[in-house]
Structure formats: structure tokens, C-alpha cells
Amino acid sequence: MRKKTTILVAILNLTFAFCVKSQDLHLSQFFGTPLLRNPALAGIFTGDVRVQAVYRDQWNSVTSGYRTGSLSGEYKMPVGKGDDYVTWGMQLFYDKAGTVSFTQTKILPALNYHKSISSEKNTYLSLGFMGGWVQHSIDLSKVTTNSQYDQMGLGENITDPTYSYLDGSVGMSLNSVMNNNPDNNFYLGVAYHHFNRPGNSFYRDKNIELNPKWVFSGGLKLAGNEYSYVSIEADHSRQGSFKETVFGAMYAYKIGAYPDEPDYVLSIGTFMRWNDALIPIVKLDYHPFSVSLSYDANISKLKPSSHGRGGFEMGISWIGKLADNSNPYFKPRF
1 MRKKTTILVA ILNLTFAFCV KSQDLHLSQF FGTPLLRNPA LAGIFTGDVR
51 VQAVYRDQWN SVTSGYRTGS LSGEYKMPVG KGDDYVTWGM QLFYDKAGTV
101 SFTQTKILPA LNYHKSISSE KNTYLSLGFM GGWVQHSIDL SKVTTNSQYD
151 QMGLGENITD PTYSYLDGSV GMSLNSVMNN NPDNNFYLGV AYHHFNRPGN
201 SFYRDKNIEL NPKWVFSGGL KLAGNEYSYV SIEADHSRQG SFKETVFGAM
251 YAYKIGAYPD EPDYVLSIGT FMRWNDALIP IVKLDYHPFS VSLSYDANIS
301 KLKPSSHGRG GFEMGISWIG KLADNSNPYF KPRF
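Just so you know, we're using my numbering here: the sequence shown kicks off at 1 and counts up by one.
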């Protein structure tokens, strides 16, 4: 009985890990990972330099848990003396999942070109690219199979528990202010990830490829008055047979005597990953830093096993400006 139970637990862990890894991982605070959404969303912020980090701890109530970390950096610079600019970016990503320590590591440089398409310098069309190195690994010492109990080893033809590949993504975005009011703005974007269809198998099977993924993104910021505003953001992705939609809104209130330079900005809101989770979020801005906390309340078919408990997530960001901020691309306040 003990033997069967051990095998069952191993199968469930392996199946759970491989099923999740057959599609891209997600973070609930997707607004804190612009490069993972679309490389053409890099550089859409007020400032010169931005560093963002997101950490997620998920599903400890069901399996050994998933721990995911994202770290990204963006640097904007003008192109000549015109209104265009470019953003250089770097995306680092790490994930470790389940009993078998299924690990994924990504190092992805990015480049985004922003073309001004208005004389007021407040509307930009951007084309971005991101590509780099990805590695997957698994701890075979933690894998349990039926063959082990028959003194036949693992019974799996895995010669190397690590494999890597080059991955690439392209994207386009449009961002602009509305009615010439910098406090009201929007962005739209579409990205195509894994366009080179890299191999995705520990068995080195050339017929197993990572499916390309389409991501459609949008965001809207509307000022209520000089002390408050509402931001709405959404993503819809398609990868093979998998589909995911996440959307939500946050209400922000500026705290301080001067609304143009508030001491703090407190934001509270809720997002939803369709048919999966409700995600309450609280965010505090204390220039130049921002800290956000969220929690996934599971509403999917996994709810009976997870008891509604999903994933805790924390985000931190920092935005800086150079001494010379007279360049035209500083004017849009996205």
C-alpha cells in the first residue's frame, strides 16, 4: 500500500509540473512584468530608468509549491534630436516547482523603438523585440517511478536532467494621452512569443516544441479629480489549446498637500483570472519606490483541494530620472 501511495504522489507531482510547464507561467501582478507581457511595453512610464521585481509563492496547500521570481530593468534614451526614443531592457526569470524541483531560468535582453506619431509628442507607436537564453532542469534524485521498485532504475530515458534553448518574442504597442490631458491615457499592445518554436523536451525529441503564444494587452488611466484616478488593465493570451484572460481595476488616492507631487499614492483594487482566481491587490507609491501585495483566492475546479488558497505575490519597483530631463519623450505621462 505504501508503495502504491508513493508512486501515486510522484505521478501527481510530475503530471502537475509538466502540465503547467507546457504553457507559460503567469504572474497575477502582470502590470509589474511588462517585458513578459510584450517587449513593446518596455519604456512606457514617466522617467528614465525603471527596475521591477515580482515574487510569487503558490499552491503550497496542494503540492510542494511553486516559487516564481521576475526581475526586469528598463533604460530609455532619445534617438538623435527628434521625438523618437529607444528602451533597452533586461528580463530575468526564475521558477522552481513541485517535489521534483522542476526549475526554469530565463535571461532575456530586450529592445523597444518608440516612434512619435503626433506633433504634441504624446502618442507613440512602438515595436519591440526580446530574445535570449532559457534553461529547464529537474532533480532526478527526487523522482520516484514504478521501475525503481523492480530494481530497474528510473525506467526513463532522460540522459541529461537539464536542457536549454534560445527563445524570441516580438511585439507592437500604441500609447497615447486622451483629449490632450496627460492624466488620461491608454495603451494597446499585441505580442507574439516563442516565434522560433524552440524544442521543449528532456528526451531531446525534436517533434516536441514550445507552442507560440499570442498576448493581447490593454490599459486605461482616468483621472477622477486632482487627488484620485482609476486604472484598468487586462491581458488575454492564447498558447496552443490554452487560453487565459486576466483583468481588473484599481482606485488610487493621492495623499499629501500637493496633488502633483503627493507624499504617497494608495491604490486598492481587484483583478480576476477568468475561471481561476480572484485577486485583491493593494499598492503604495512612495516616490521613487512602489510596493504591491496581492493574493490569489482560488475559484477553479482545484478549489476543493486548495480550500480556496492560491498564491501570495509581492511586487517592488523603482523609477529614476536623469539630471537632464528636457528630452521630449519625458512629456507623456503614461
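Quick reminder that beta carbons are idealized off the backbone N, C-alpha and C, glycines included.
For the pair Ala277 and Ile255, the CB atoms are not nearer than the 9 angstroms cut-off. Apart from sequence neighbours up to five positions away, the residues of its chain that approach Phe312 with a beta-carbon distance below 6 angstroms are Asp57, Tyr295, ordered along the chain. Look at the stretch 160 to 224 and you find these whole runs of beta strand (DSSP E), each 3 residues long or longer: 162 to 178, 181 to 193. Pairing Phe202 with Leu127, the inter-Cα distance amounts to about 34 angstroms. For Pro259, no alpha helix (DSSP H) segment is defined, and its DSSP state is neither H nor E. DSSP places Pro34 in the uninterrupted alpha helix (DSSP H) bounded by 34 to 37.
Boundaries for Glu226: no beta strand (DSSP E) harbours it, and the DSSP string shows neither H nor E there.
In the three-state DSSP reduction, Ser141 falls in the helix class (H, G or I). Met272 is positioned such that its CB atom lies no closer than 9 angstroms to that of Val291. Phe247: member of the beta strand (DSSP E) spanning 242 to 255, first to last residue.
Linking Ser28 to Ser217 through their CA atoms gives a straight-line distance of about 14 angstroms.
Rounded to the nearest whole angstrom, the C-alpha separation of Asn175 and Val100 is 43 angstroms. In the three-state scheme derived from DSSP, where H, G and I count as helix and E and B as strand, Leu108 is classed as strand.
With a contact defined as Cβ atoms closer than 8 angstroms, Ser231 and Lys221 qualify at about 5 angstroms. Collapsing the DSSP output to three states places Leu71 in a strand.
Put simply, the stretch 125 to 139 touches the stretch 163 to 174. At least three CB pairs are less than 8 angstroms apart. Judged by DSSP secondary structure, Gly80 falls outside any beta strand (DSSP E); it is assigned neither H nor E.
When only Cα atoms are considered, Ile268 and Asp205 end up about 47 angstroms apart. Secondary structure of Ala40 (DSSP, three-state): helix.
Put simply, the backbone Cα of Ile208 is about 37 angstroms away from that of Pro280. Between Val54 and Tyr75, the gap from beta carbon to beta carbon reaches 9 angstroms or more.
Where Gln58 is concerned, the enclosing beta strand (DSSP E) starts and stops at 49 to 58.
Assignment of Phe30 by DSSP, reduced to helix, strand and coil, places it in the helix class.
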